[in-house]
Each structure stands twice: as C-alpha cells, then as structure tokens.
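Engineer: Submitted below is the structure of interest, expressed as structure tokens.
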Amino acid sequence: MNSKLIGKFAIGLWIVTVITLGYFFYFGSTSRSLDYRTAIHLTPAERQLVLTEMRALLTAVNGMLSGLADKDYEIAAKAADAVGMGLVASLENQEKTILLKLPVEFKKLGFGTHEKFDEIAVKIRKKQEIHSLLKEMDELTRNCVACHASYKIEVDVKEK
1316 MNSKLIGKFA IGLWIVTVIT LGYFFYFGST SRSLDYRTAI HLTPAERQLV
1366 LTEMRALLTA VNGMLSGLAD KDYEIAAKAA DAVGMGLVAS LENQEKTILL
1416 KLPVEFKKLG FGTHEKFDEI AVKIRKKQEI HSLLKEMDEL TRNCVACHAS
1466 YKIEVDVKEK
C-alpha cells in the first residue's frame, strides 16, 4: 500500500516537473513591460551575451551591404556566414540556460534569422542579381525590426 502511494506521488511530481519545464520552454521568463513589449528577464551576463549577439548581427548586415556595394561578393558572404547557424552552434554551451528563459516566438525569430544569414550567404556566393539579394536582406532585417518592436531584454531584479 505504501509503495503504491509513493509511486503515485513520484508520477505526480514528474508530471508537475514536465508541465513546469514546458511552461518555461514556451513562455520563458517574461513579463509585460511599460511600453507593452515583452520583457525577457536575464542575468546581467546573459543579457550581455544576447546584446553582443545582436550587435554581431547588425555588424554582419553592414559588412554584407559594404561588400555588395563594392562588388566584393566573398566579403559579403563571409559577413553573412559569421552570424549564421555556425554562430549559434559556437554559443550553444553558453546559451543553454538562456534558452529556457526565452519565449518560443523569440527563439523562432532568432533561429530563423541565423538561418536566413546562411541562406543569403549561399545566394551571394552564387552572385545572384543585386535586387534579389537586397530583397532577401529586406526580409532579414524585418526579423530585426519585429524582434525589437516586440521584445526587450531586462536584467532580472533577483540577479542584480
């Protein structure tokens, strides 16, 4: 009798744990900010990592535009490659704890943006027509605009 009770308690505890992890995986550690964006709460180091990654994305866009303007397709492609999914893989260990704190839509937007850089790098190396490449970059930067319009990164007050 006692072992059945312990077994039911263990299963119940497991279910609660799975539901809690699922909740944080989907919603992350967020709240509504004063400007009605979703505030993502991170430690100071996590916030710094995310903002450094975002600056790298902007630097890559600048490098791509500069390379294309100079008709240096390899420079433009290398700039795009620098922040593709390879960057995500290189930061995987640092970002494991952050991923639970990010809402799923933010993650989709972020991974989609890194994948888009890889796609554009391939198209640049194929020397696709410039207007086509600019259209691709327009779609890419729309992700940036959507992200910054929807989210802000705040330092978790418990972690200060």
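In terms of this note's numbering, the sequence shown is numbered consecutively and its last residue is 1475. The beta-carbon is built from N, C-alpha and C at its ideal position, and this holds for glycine as well.
Where residue 1467 and residue 1414 are concerned, what is the direct C-alpha to C-alpha distance, given to the nearest angstrom?
Structural biologist: Looking at the backbone, the Cα of residue 1467 and that of residue 1414 are separated by about 15 Å.
Engineer: Per DSSP, residue 1467 is paired with what?
Structural biologist: 1354
Engineer: Which residues in the same chain as residue 1435 place their Cβ atom closer than 6 Å to its Cβ, once the five residues preceding and following it in sequence are excluded?
Structural biologist: Hits under 6 Å: 1395, 1451.
Engineer: Please state if the CB of residue 1364 and the CB of residue 1416 are separated by a distance shorter than 7 Å.
Structural biologist: no
Engineer: So for residue 1346, helix, strand or coil by DSSP?
Structural biologist: strand
Engineer: Taking the alpha helix (DSSP H) that residue 1438 belongs to, which residues open and close that run?
Structural biologist: Taken as a continuous stretch (DSSP letters only), the alpha helix (DSSP H) holding residue 1438 covers 1419–1440.
Engineer: Whether or not the segment 1398–1414 and the segment 1444–1462 are in contact is what I'm after, with contact meaning three or more pairs of Cβ atoms, one per stretch, closer than 8 Å; do they touch?
Structural biologist: The segment 1444–1462, when compared against the segment 1398–1414, does not touch it at the 8 Å Cβ threshold.
Engineer: Excluding the five sequence neighbours on either side, which residues of its own chain have a C-beta within less than 6 Å of the C-beta of residue 1378, listed in chain order?
Structural biologist: 1394
Engineer: Which first and last residues belong to the alpha helix (DSSP H) in which residue 1396 is found?
Structural biologist: Residue 1396: member of the alpha helix (DSSP H) spanning 1388–1396, first to last residue.
Engineer: With distances taken Cα to Cα, identify the nearest neighbour of residue 1410 among 1319, 1318, 1368.
Structural biologist: 1368
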